[in-house]
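Here my numbering is used: position 30 in the sequence shown is 30, and no number is missing along the way. All C-beta atoms in this analysis are idealised placements derived from N, C-alpha and C, irrespective of residue type, glycine included. Model, not experiment: these values are computed from the prediction.
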Amino acid sequence: MSGGAIRGGYHHVDLNVGDLAASRRVYGLVLEFLGYTMVKDTARGCEWDLRGPGEGRGASLGLRQCDPGEAGHAHRRYAPGLHHLAWRAESRADVDRLHALLVAGGVPVLDPPAHYPEYSGDYYAVFFEDPDGIKLELVYAPGWI
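Here is the structure:
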């Protein structure tokens, strides 16, 4: 470990999106709820950073407007590529609060908050999707990674 960074931890994720404005609305709602700060917002893309306790302990998520010729392609969850993206919650109540924000914001909820013992004994999550159909999740699972 150098400078407090967690070796092997994710540094950033960039996603190509079909409609930047629609995706910015969904990801902004979720990421700002989780404590991320928007650090870039242009016509071609935007980015949110989460600052950790010390240098090298944060994460970043960026959205990029896809090429115009690719905009009609919907995300296929079971094709090669990303299946879903999950963030950690600090409690079950945190999951429930995000669920309420998603519903109020008109974000499609795939599965409302529930306990999923088949994943781990204390796994509690809400599943939802972005405007391109990418599955997203907020999970509270203190007994698992």
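Please go through the same chain and pick out, in chain order, the residues whose beta-carbon is closer than 7 Å to the beta-carbon of G58, but skip the five residues on each side of it.
-> Excluding positions up to five away in sequence, the list reads D49, L50, R51 and G52.
Measure the Cβ-Cβ separation of P113 and D96 and say whether it is below 8 Å.
-> In this structure, P113 sits near D96, with a CB-CB distance shorter than 8 Å.
With a threshold of 7 Å, establish whether the CB of A22 neighbours any heavy atom of the ligand COA.
-> By its list of ligands, the structure shown contains no ligand whatsoever, and the ligand COA lies outside what it can speak to.
Beta strand (DSSP E) segment containing Y140, residue limits = Counting along the chain, the beta strand (DSSP E) containing Y140 begins and ends at K135 to Y140.
Spatial neighbours of D111 within its chain, please: CB distance less than 6 Å, with the 5 preceding and 5 following residues excluded, ordered by chain position.
-> Only F127 meet the Cβ criterion.
Roughly how many whole angstroms lie between the Cα atoms of M38 and P142?
-> Cα to Cα, the separation comes out at about 28 Å.
Cβ-based burial, G133 [other Cβ within 10 Å; buried from 16] | Exposed, by the Cβ-count rule.
Among L102, E47, S91 and Y119, which one has its Cα closest to the Cα of E129?
-> If you compare the alpha carbons of L102, E47, S91 and Y119 with that of E129, the shortest gap goes to L102.
Selected residue, minimal CA-CA separation from R24, among V13, S60, P108 and P131 | Of V13, S60, P108 and P131, the residue nearest in Cα terms is P131.
Could you say which of G105, Y27 and H115 lies nearest to N16 if we only look at CA atoms?
-> That would be Y27, whose Cα lies nearest to the Cα of N16.
Indicate the three-state DSSP secondary structure (helix, strand or coil) for D96 in the structure shown.
-> Three-state DSSP puts D96 in a helix.
Count the other CB atoms within 10 Å of the CB of H99; is the residue buried (16 or more) or exposed (fewer)?
-> By the Cβ-count criterion, H99 is buried, with 16 or more other Cβ atoms from all chains shown falling within 10 Å of its own Cβ.
Where A86 falls: helix, strand or coil (DSSP) | Three-state result, A86: strand.
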